[in-house]
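If you're matching positions, the sequence shown starts at 1 in full-length UniProt numbering and goes up one per residue.
Please read the structure below before turning to the comments.
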Amino acid sequence: MTSPDPRDAVLEHIPALRAFARSLTKDAVRADDLVQECLVKAIGNFDKFRTGTNLRAWMFTILRNTFYSERRKAVREAEDPEGEIVGALSVKPDHDGHMQMTEFKAAFQQLKAEHREALTLIGALGLSYEEAADACEVAIGTMKSRTNRARKELARLMDLDDDKPTELTDSQTLSIVNQSGHM
1 MTSPDPRDAV LEHIPALRAF ARSLTKDAVR ADDLVQECLV KAIGNFDKFR
51 TGTNLRAWMF TILRNTFYSE RRKAVREAED PEGEIVGALS VKPDHDGHMQ
101 MTEFKAAFQQ LKAEHREALT LIGALGLSYE EAADACEVAI GTMKSRTNRA
151 RKELARLMDL DDDKPTELTD SQTLSIVNQS GHM
């Protein structure tokens, strides 16, 4: 009996790759292009994949590296250092006690790329700190710090009171992301 070909498992990771790419690019079309490029690279370099290792982490690493390579090559990038554009697009909640998805998305997009990456991998996709650290090629402690800082910054951006028990847990993050069906 032959062992299953790990290339067959690539397809099951596409939705998670797409969500991760969407969190990095902030654009569905660009995210799809990034996932496609990742898959082309993964298939083209499958001989370098070590059977028995974490295929998901390997693919996330390819996607992440592709994103940062493309970003470095970009000649220009729209900047909004004062947050005026994002501020004009954000919608304030009409009622107390509930976090609206539009407010979450606006705040999420203001996070540093490494913080969006950490929240997406840990909170939305459910990776362990170890898996996320492997995918990002950083130490586990670094991933934990990034996740913690991202949650604190997200709470600050959303003007969440310190008096209220509003700590964003992984299950809450996943719940928020799943409400819209995508990032």
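Yeah, the Cβ is synthetic: ideal placement off N, Cα and C, and Gly gets one too.
In the displayed model, lysine 112 falls within coil according to three-state DSSP, outside both helix and strand. Within its own chain, the residues whose Cβ lies closer than 6 angstroms to the Cβ of leucine 127, once the five positions on either side in sequence are excluded, are Leu121, listed in chain order. Per DSSP, leucine 34 is one residue of the alpha helix (DSSP H) stretching across 28-44.
DSSP, reduced to helix, strand and coil, places valine 138 outside both helices and strands of the structure shown, so it counts as coil. For isoleucine 14, the closest alpha carbon among the candidates Asp32, Gly44, Ser23 and Glu117 is that of Asp32.
The segment 107-122 and the segment 40-55 do not touch, with fewer than three beta-carbon pairs separated by less than 8 angstroms. Look at aspartate 159 here: in three-state DSSP terms it is coil, with no helix or strand label.
Judged by their CB atoms, leucine 24 and phenylalanine 60 are not nearer to each other than the 8 angstroms cut-off. Arginine 72: member of the alpha helix (DSSP H) spanning 55-73, first to last residue. Annotation for arginine 56: His13 place their beta carbon closer than 6 angstroms to its own, counting only its chain and skipping 5 residues before and after.
In this structure, leucine 34 lies away from leucine 11, with their beta-carbon atoms at least 8 angstroms apart.
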